[in-house]
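A.B. asks: Residue numbers (the UniProt record's numbering): 1 to 182.
One structure is given below, represented as structure tokens, and several questions about it will come after.
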């Protein structure tokens, strides 16, 4: 279902503490010591699953993302740590599928009319599954400053005309960066 994960939020003190608690495990997994290990932003799912973007000071393409779960006793478990890189910004007119069909995939907020639905630009996830591409697409949905959404859309190569909306970030501006999100 669209929206299972929260919007991207700036890292809180609690998220930074969680990040520090799994740092040693991340360093072992990545076989690297990090001098800088600062949580920048995060998403959460039901308060138990976290996707945390971490600043490491490394001069590498992409960003380090930690997937951390918290059980009922508040014990943390690192479920994954991965470098995620997005492509350069591309014009939405170059998408391999018609963008307007996404407008009808549950994108409209109940009670809110979407008079405009215009693709602006997009990035793709460079760490791809074979035969499948994730797109992060910025669309304009109104005339206001924060009337932009960023859609996460998946598309199988064999079904390029049938993209799937998997999540979206609302209330974005034209100048907001497109970044990875669950």
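Glycine is no exception: its CB is placed at the ideal position from the N, C-alpha and C atoms.
All of these numbers come straight from a predicted model, not from anything done at the bench.
Name the one or two DSSP bridge partners that residue 83 has.
C.D. replies: Bridge partners of residue 83: 64.
A.B. asks: With distance defined between alpha-carbon atoms, name the residue in 166, 152, 20 and 43 nearest to residue 9.
C.D. replies: Nearest of 166, 152, 20 and 43 to residue 9, Cα basis: 43.
A.B. asks: Checking the sheet assignment: what are the DSSP bridge partners for residue 44?
C.D. replies: Answer is 50, bridged to residue 44.
A.B. asks: How is the alpha helix (DSSP H) around residue 17 delimited, first residue to last?
C.D. replies: From DSSP, the alpha helix (DSSP H) with residue 17 extends over 13-30.
A.B. asks: Compare the C-alpha of residue 27 against each of 154, 83, 181 and 176 and name the closest.
C.D. replies: The residue with the shortest Cα to Cα distance from residue 27 is 83.
A.B. asks: Kindly indicate which residue of 154, 40, 68 and 59 has the alpha-carbon position closest to the one of residue 95.
C.D. replies: The candidate whose alpha carbon is nearest that of residue 95 is 154.
A.B. asks: If I'm right that residue 39 touches residue 11 with Cβ under 8 Å, what's the distance once you round it to whole angstroms?
C.D. replies: Indeed they touch by this definition, with Cβ atoms about 4 Å apart.
A.B. asks: Does DSSP classify residue 159 as helix, strand or coil?
C.D. replies: Helix.
A.B. asks: Would residue 47 be called buried (16 or more neighbouring beta carbons within 10 Å of its own) or exposed?
C.D. replies: That one is exposed.
A.B. asks: Give a yes or no on contact between the stretch 127-141 and the stretch 66-81, applying the rule of three or more CB pairs nearer than 8 Å.
C.D. replies: Because the criterion of three Cβ pairs below 8 Å is not met, the stretch 127-141 and the stretch 66-81 do not touch.
A.B. asks: On the CB-based measure, 16 or more other CB atoms within 10 Å of its CB, does residue 191 come out buried or exposed?
C.D. replies: The question about residue 191 has no answer, for the chain in this structure spans 1 to 182.
A.B. asks: For the pair the stretch 116-128 and the stretch 161-172, tell me if three or more CB-CB distances fall below 8 Å.
C.D. replies: Touching, no.
A.B. asks: Cutting at 6 Å between CB atoms, please list the residues of its own chain near residue 7, excluding the five before and the five after it.
C.D. replies: The residues are 169.
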